[in-house]
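Notes follow once the structure below has been shown.
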Amino acid sequence: MTGGFKSDLNEIWRNRESHLDEVPGFKSFQLLQGPTHDDHTLFASHSTWESEAAFVDWTKSESFHKAHANAKAASGVYLSPPVFEGFDVVL
Numbered sequence: 001m002t003g004g005f006k007s008d009l010n011e012i013w014r015n016r017e018s019h020l021d022e023v024p025g026f027k028s029f030q031l032l033q034g035p036t037h038d039d040h041t042l043f044a045s046h047s048t049w050e051s052e053a054a055f056v057d058w059t060k061s062e063s064f065h066k067a068h069a070n071a072k073a074a075s076g077v078y079l080s081p082p083v084f085e086g087f088d089v090v091l
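Count the sequence shown with UniProt numbering and you get residues 1 to 91, in order.
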């Protein structure tokens, strides 16, 4: 997230209709804010699911498409497009 858009992102996510509560297998969501540098602030969205299958099913669902229908940001807001990084709980 580039310079002056940090508070905008927080507000967008705070007011966003994610439709996650209606999705089978969804457990929780957090928006994580990392360090702020001269030209950007690092953010990550973190969600937990009952299973990988529940997550994959969500990405193919109407709820996913509704939640992301208006997700485009203005030019210059992001340094680069978001990259999905999935993790498995091991302990």
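Quick reminder that beta carbons are idealized off the backbone N, C-alpha and C, glycines included.
Here residue 49 is bridged, per DSSP, to 26. Shown here, residue 20 sits in a helix according to DSSP, grouped into three states. According to the DSSP assignment, residue 37 belongs to no alpha helix (DSSP H), since it is labelled neither H nor E.
Per DSSP, the continuous alpha helix (DSSP H) segment holding residue 64 begins and ends at 62-68. Bridge pairing for residue 31: 45 [DSSP]. Taking 8 Å as the upper bound for CB-CB distance, residue 28 and residue 47 are in contact here, some 7 Å apart. Listed in chain order, the non-local C-beta contacts of residue 32 below 7 Å within the same chain comprise 43, 44 and 46, local neighbours out to five positions each way being set aside.
With 16 or more other Cβ atoms from the protein chains shown falling within 10 Å of its own Cβ, residue 26 counts as buried. Taking each of 84, 63, 89 and 87 in turn and checking the Cα distance to residue 16, the smallest one comes out for 63.
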